[in-house]
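Residue numbers (the numbering used here), protein chains in the order written: chain A, 1 to 235; chain B, 1001 to 1108.
The C-beta atom is built at its ideal place from N, Cα and C for all residues, glycine as well.
Report on the structure given below.
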Amino acid sequence: MTSTSIKLNETPQTRAYLSLADDALILGHRTSEWTGHAPLLEEELALANIALDLIGQARALYQAAGDLTGHSEDELAYLRDPPMFRNALIMELPNGDFAFTIARLFLVSVASDQQWRRGFDDPALVAVADKAMKETAYHIRHAAEWLIRLGDGTDESHRRAQQAVDTLWPFTGEITAARQTWLDAVTPVLARATLRQPKDGWMQSGGRSGRHTEHLGHLLAEMQILPRTYPGATW
Amino acid sequence: MGGQTNGVAEGGVMADRATTLWEVFVRARNGLSHRHAGSVHAADSEMALQAARDVYTRRGEGLSIWVVPSAAIVASDPSDKESLFEPTGSKIYRHPTFYEVPDEVGNM
């Protein structure tokens, strides 16, 4: 007995909701993978807190999207196949080392923060943003302070942080529509971290239209296996 | 769950070698004093503050946090116990038990 995947007839509005929600869910899931593996107990809890913030944001957004699509938050999270996910590719990349995790969290959180603060016409999104912007402000603070210490730390931590930023940079084209505003917030932190800011060149894309990396399928297999194997399971 | 082993082995060592221990004090409500909540490891004061927030205020316990390097705490010597604390044991008149507290006073 398995659950069949759902397909949605998306409107531009539902797609906008799902982009926000899927970004939060997929990055939240990735962040939660550090549970039991973080370098310090304190960081373990910090990352778990951040993961829970993101998954909470995703839930609120799926509930709002559910009002438009007629699907529950669980159906939207657990019963869509990879091509139906609208998250940016950067969210699904494997965690890599701690520097990669922190660099991604920083680059993404700056974009999210600006998005929440830019405001929405839709009252449901305004309500989500009002709560989320406080959480995201802390995610930026946490990730930025770590990035500064890794970049301006030892030779090894600097090398890893620089490598992370270089690898992530081509994936940052999908996370903001206001590039210059985003750069204005990112550049000073990279400078304090003594990290070289990569030049804007060719950018990866495809996540918003459902063309994902091979990593998303593996992530969803793990995330979705329980509700798909035991439909309606409760605990 | 793959690709995240890098931080594990190194992190365990790092925690022992390089990070300072901080004592955490949390004030739960206005009007109360900061109470000792526990300790965290962190490399510097900003990270200590964040660690304290993440470890000790997850359930809405806090309005304000202090972090203090554990090494800055001056503690009494356990062997001084007799001279410091035993003399008070025989001074029962210092306890407010020799008069009735009117009900109207409420909690004291």
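| query | result |
| --- | --- |
| Hey, does A/SER146 have any beta-carbon neighbour from chain B nearer than 9 angstroms? | It is Trp, not Ser, that sits at residue 146 of chain A in the sequence shown. Yes, A/TRP146 lies at the interface with chain B (some Cβ there is under 9 angstroms from its Cβ). |
| By Cβ distance, which residues of its chain are closer than 8 angstroms to B/THR1020, with the 5 residues on each side in sequence left out? | HIS1041, ALA1042, ALA1043, ASP1044, ALA1048, PRO1069, SER1070, ALA1071 |
| Any idea if B/GLN1004 is buried or exposed, counting beta-carbon neighbours within 10 angstroms, 16 or more meaning buried? | A caution first: B/GLN1004 carries a pLDDT of 41, below 50, which makes its placement in the model unreliable, though a value can still be read off. Under this definition B/GLN1004 is a buried residue. |
| Which same chain residues end up closer than 7 angstroms to A/GLU33 when comparing Cβ atoms and leaving out the 5 residues on each side of it in sequence? | ASN95 |
| I need the boundaries of the beta strand (DSSP E) containing B/ARG1027, first residue and last residue. | 1020–1027 |
| If I follow the unbroken alpha helix (DSSP H) through A/ARG160, where does it start and stop? | 155–168 |
| Ignore the nearest five residues each way along the sequence and tell me which others in A/VAL189's own chain have a CB closer than 6 angstroms to its CB. | ALA144 |
| Once DSSP output is grouped into helix, strand and coil, what is the label at B/MET1001? | Residue placement at B/MET1001 is flagged as unreliable, the pLDDT there being 37, under the threshold of 50; the coordinate-derived value follows with that caveat. In the structure shown, B/MET1001 sits in coil (DSSP, three-state: anything other than H, G, I, E or B). |
| Could you tell me whether the Cβ of B/ALA1037 comes closer than 9 angstroms to any Cβ of chain A? | no |
| Does any CB atom of chain B fall closer than 9 angstroms to the CB of A/HIS158? | no |
| For a test of the three-state rule: what should DSSP assign to A/ARG175, helix, strand or coil? | Contrary to the premise, residue 175 of chain A reads as Ile rather than Arg in this sequence. Correct three-state label for A/ILE175: coil. |
| Which stretch, first to last residue, makes up the alpha helix (DSSP H) that contains A/HIS218? | 214–229 |
| Using a Cβ-Cβ cut-off of 9 angstroms, state whether B/VAL1101 counts as contacting chain A. | no |
| Between the C-alpha atoms of A/PHE120 and A/GLY66, what's the straight-line distance to the nearest angstrom? | 18 angstroms |
| Taking the alpha-carbon of B/THR994 as reference, which of B/PHE1025, B/SER1079, B/ILE1092, B/ASP1080 has the nearest alpha-carbon? | Any property of residue 994 of chain B remains undetermined from this structure, which presents chain B solely from 1001 to 1108. |
| Less than 9 angstroms between the beta carbons of A/GLN13 and A/LEU68, yes or no? | yes |
| Buried or exposed for B/LEU1084, going by 16 or more other Cβ atoms inside 10 Å? | exposed |
| Would A/ALA88 and A/LEU125 qualify as a contact pair, given that the criterion is a beta-carbon distance under 9 angstroms? | no |
| Give a yes or no on whether 9 angstroms exceeds the smallest Cβ distance from A/MET1 to chain B. | With a pLDDT of only 40 at A/MET1, under the threshold of 50, the placement of this residue in the model should not be trusted; the figure read from the coordinates follows. No, because no Cβ of chain B sits closer than 9 angstroms to the Cβ of A/MET1. |
| By the 10 Å Cβ neighbour count, where 16 or more other Cβ atoms means buried, how is A/THR4 classified, buried or exposed? | exposed |
| Given a threshold of 16 other Cβ atoms within 10 Å of its Cβ, counted over all protein chains shown, does A/TYR230 qualify as buried or as exposed? | exposed |
| What I want to know is whether the C-beta of A/GLN13 ends up closer than 8 angstroms to one or more non-hydrogen atoms of the ligand HEM. | The ligand content of the structure shown is nil, which means the ligand HEM is not present either. |
| With 9 angstroms as the limit, tell me which residues of the region 212–228 of chain A have their beta carbon closer than that to any beta carbon of chain B; keep them in chain order. | HIS218, GLU222 |
| Please go through the same chain and pick out, in chain order, the residues whose beta-carbon is closer than 8 angstroms to the beta-carbon of A/PRO39, but skip the five residues on each side of it. | PHE98 |
| Cα-Cα, which of A/ARG59, A/ASP81, A/TRP235 is closest to A/SER72? | A/ARG59 |
| Determine, for A/ARG208, whether the minimum Cβ-Cβ distance to residues of chain B falls below 9 angstroms. | no |
| By alpha-carbon positions, which one of A/PHE100, A/LEU168, A/ILE90 ends up nearest to A/ARG211? | A/ILE90 |
| Suppose you measure from the CA of A/ASP113 to the CA of B/VAL1105; what does that come to, to the nearest Å? | 51 angstroms |
| With a Cβ-Cβ cutoff of 9 angstroms, do A/THR176 and A/GLN115 count as a contact? | yes |
| Whole angstroms is fine: what's the gap from A/HIS218's alpha carbon to B/ALA1028's? | 43 angstroms |
| Would you say B/VAL1067 and A/LEU41 are within 9 angstroms of each other, going by their C-beta atoms? | no |
| Please list, in chain order, all residues of the same chain as A/HIS29 whose beta carbon is under 7 angstroms from its beta carbon, the five residues on each side excluded. | LEU219, MET223 |
| List, in chain order, every chain A residue whose beta-carbon is nearer than 8 angstroms to that of B/ALA1043. | ARG149 |
| When you compare only the Cα positions, how much space is there between A/ASN49 and A/ASP166? | 27 angstroms |
| On the premise that A/ALA103 lies in contact with A/LEU47, defined as a C-beta separation below 8 angstroms, what is that separation, rounded to the nearest angstrom? | About 14 angstroms; that fails the 8 angstroms criterion. |
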